[in-house]
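Colleague: Pasting in a structure now, in structure tokens, and then I'll have a few things to ask.
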Amino acid sequence: MKSLRLLTASKYIAGFNCLADCGTDHGKLPIYCVKNNLVKKAYASDNKEKPLNNAKKNILDNNVQNSVIPVFADGLTYLTEEVDVVSILGMGGRLIESILEEADLKNVKRLILIANSENEILRTFLQKIYWKIIAEELIHENRKNYQLIVLEKGQMQLTSLEKEFGPFIIKEKSTQFISMITKQINGLKTAVKHAKNEDVKQDLNIRISELEEIIT
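Each residue of the sequence shown is one higher than the one before, starting from 13 at the first, in this note's numbering.
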């Protein structure tokens with residue numbers, strides 16, 4: 013499994029009993045987790061036939077058909093009591109929110125999420141439904157930055173910047189994070205130079221100050 017995102021996510025799956033991977037595409041994550049004894053069983057679900065057929069083929073090719081179950085489903089509506097860890101990797105934040113909102117998560121002990129966008133919206137929702145962030149990683153892959161969020165049940169209170177970038181990611185201040193924020197700051201400074209409206213300039217400068225604060 014070559015994907016850095018999937019490999020990083022798998023670290024946080026180890027030790028659980030049964031994984032449900034929503035939007036599984038080729039089924040790579042559940043197959044990897046079962047083959048490497050990270051979980052005993054996994055569900056590989058997708059709501060599109062072609063990706064699910066790819067997953068079915070990979071499951072057979074890897075001889076894990078007794079432990080990895082392909083499921084044609086929209087979201088996590090199929091969850092069984094045995095599922096104690098859920099992964100949703102590579103969807104928009106609003107879509108992940110809607111999937112979690114409709115799912116019965118009472119037996120789920122951990123969520124592992126990567127949103128392609130709308131991280132602030134997703135973290136706001138997770139705070140509201142009493143899931144607490146226990147770990148995060150900023151992953152750079154295919155010229156993009158992805159925020160991996162790991163949660164267990166509990167309360168948290170995030171600031172607006174923590175909702176946007178993640179409390180653990182901000183605290184760690186990795187080289188990749190500093191580079192990402194610096195790039196945003198430079199873009200905003202260019203926008204200030206070209207802005208003609210004073211209110212717009214003021215808003216841009218406030219944003220610049222906020223971003224500078226989290227990388228110092």
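By construction, the Cβ of each residue, glycine as well, lies at the ideal position given by its N, Cα and C atoms.
Does the pairing of the region 62-72 with the region 25-39 give three or more beta-carbon distances under 8 Å?
Modeller: yes
Colleague: What residue from Ile-227, Gly-199 and Lys-69 has the CA that sits closest to Asn-6's CA?
Modeller: The chain is shown only over 13 to 228; residue 6 falls outside these bounds and no answer can be derived.
Colleague: Run the CB neighbour count on Thr-171, radius 10 Å, all protein chains shown included, and call it buried at 16 or more, exposed below.
Modeller: To locate residue 171, count along the sequence shown from 1; it is residue 159. Around the beta carbon of Thr-171, fewer than 16 other beta carbons sit within 10 angstroms, so the residue counts as exposed.
Colleague: Tell me, please, whether the region 89-97 touches the region 66-73 by the rule of three or more beta-carbon pairs shorter than 8 Å.
Modeller: Between the region 89-97 and the region 66-73, the count of C-beta pairs closer than 8 Å stays below three; the two stretches do not touch.
Colleague: Would Phe-180 and Glu-148 be called neighbours here (beta carbons separated by less than 7 Å)?
Modeller: Stepping through the sequence shown from its first residue, residue 180 is reached at position 168. Stepping through the sequence shown from its first residue, residue 148 is reached at position 136. Closer than 7 Å, so yes.
Colleague: To the nearest angstrom, report how far apart Glu-176 and Lys-14 are at their CA atoms.
Modeller: Indexing the sequence shown from 1 puts residue 176 at position 164. Indexing the sequence shown from 1 puts residue 14 at position 2. Spanning the two alpha carbons is a distance of roughly 28 Å.
Colleague: Should the region 127-147 be regarded as contacting the region 107-117, the criterion being three or more beta carbon pairs within less than 8 Å?
Modeller: yes
Colleague: If you draw a straight line from the alpha carbon of Tyr-158 to that of Val-97, how long is it in whole angstroms?
Modeller: The residue given as residue 158 occupies position 146 in the sequence shown. The residue given as residue 97 occupies position 85 in the sequence shown. Roughly 20 Å separates the two Cα atoms.
Colleague: List the endpoints of the continuous beta strand (DSSP E) containing Arg-122.
Modeller: Translated into the one-based positions of the sequence shown, residue 122 becomes position 110. First-last of the beta strand (DSSP E) with Arg-122: 122-129.
Colleague: So, are the CB atoms of Arg-122 and Glu-164 less than 7 Å apart?
Modeller: If you number the sequence shown from 1, residue 122 lands on position 110. If you number the sequence shown from 1, residue 164 lands on position 152. Their beta carbons are under 7 Å apart, which means Arg-122 touches Glu-164 by this criterion.
Colleague: Mind pulling the beta strand (DSSP E) runs of 3 or more residues that sit fully within the region 129-167?
Modeller: 143-153 and 156-165
Colleague: Please classify Ser-22: does DSSP put it in a helix, a strand, or coil?
Modeller: Taking the sequence shown and counting its residues from 1, one reaches residue 22 at position 10. Helix, per DSSP.
Colleague: What's the C-alpha gap between Met-168 and Phe-189?
Modeller: On the sequence shown, residue 168 is found 156 positions in, with the first residue counted as 1. On the sequence shown, residue 189 is found 177 positions in, with the first residue counted as 1. Roughly 22 Å between the two C-alpha positions.
Colleague: Rounded to the nearest angstrom, how far is the Cβ of Ser-57 from that of Cys-34, given a contact under 8 Å?
Modeller: Here the question's residue 57 lines up with position 45 in the sequence shown. Here the question's residue 34 lines up with position 22 in the sequence shown. At roughly 5 Å, the Cβ-Cβ gap stays under 8 Å, so Ser-57 and Cys-34 are in contact.
Colleague: In angstroms, rounded to a whole number, what distance separates the CA positions of Ile-197 and Ser-186?
Modeller: For the purposes of this step, residue 197 is identified with residue 185 of the sequence shown, where counting begins at 1. For the purposes of this step, residue 186 is identified with residue 174 of the sequence shown, where counting begins at 1. So the alpha carbons of these two residues sit roughly 16 Å apart.
Colleague: When the distance is taken between beta carbons, is Gly-104 closer than 7 Å to Glu-130?
Modeller: Counting from one through the sequence shown, the residue named residue 130 turns up at place 118. Counting from one through the sequence shown, the residue named residue 104 turns up at place 92. Yes, the pair counts as a contact, with Cβ atoms nearer than the cut-off.
Colleague: According to the neighbour-count rule (16 or more other Cβ atoms, all chains shown, within 10 Å of its Cβ), is Gly-27 buried or exposed?
Modeller: As a working mapping, residue 27 is identified with position 15 in the sequence shown. Counting Cβ neighbours within 10 Å, Gly-27 comes out exposed, since fewer than 16 surround it.
Colleague: Return the chain-ordered list of same chain residues with a C-beta closer than 8 Å to the C-beta of Arg-17, the five sequence neighbours on each side being excluded.
Modeller: In the sequence shown, residue 17 corresponds to position 5, counting from 1. Excluding residues within five positions, the ones whose Cβ falls inside 8 Å are Leu-101, Gly-102, Ile-126, Ile-151, Glu-153, Tyr-158 and Leu-160.
Colleague: Taking DSSP's pairing of strands, which residues face Ala-56 in a bridge?
Modeller: On the sequence shown, residue 56 is found 44 positions in, with the first residue counted as 1. Partner(s): Asp-33 and Pro-82.
Colleague: Go to Val-97, then tell me how far its beta strand (DSSP E) extends in each direction, as first and last residue.
Modeller: If you number the sequence shown from 1, residue 97 lands on position 85. Counting along the chain, the beta strand (DSSP E) containing Val-97 begins and ends at 97-104.
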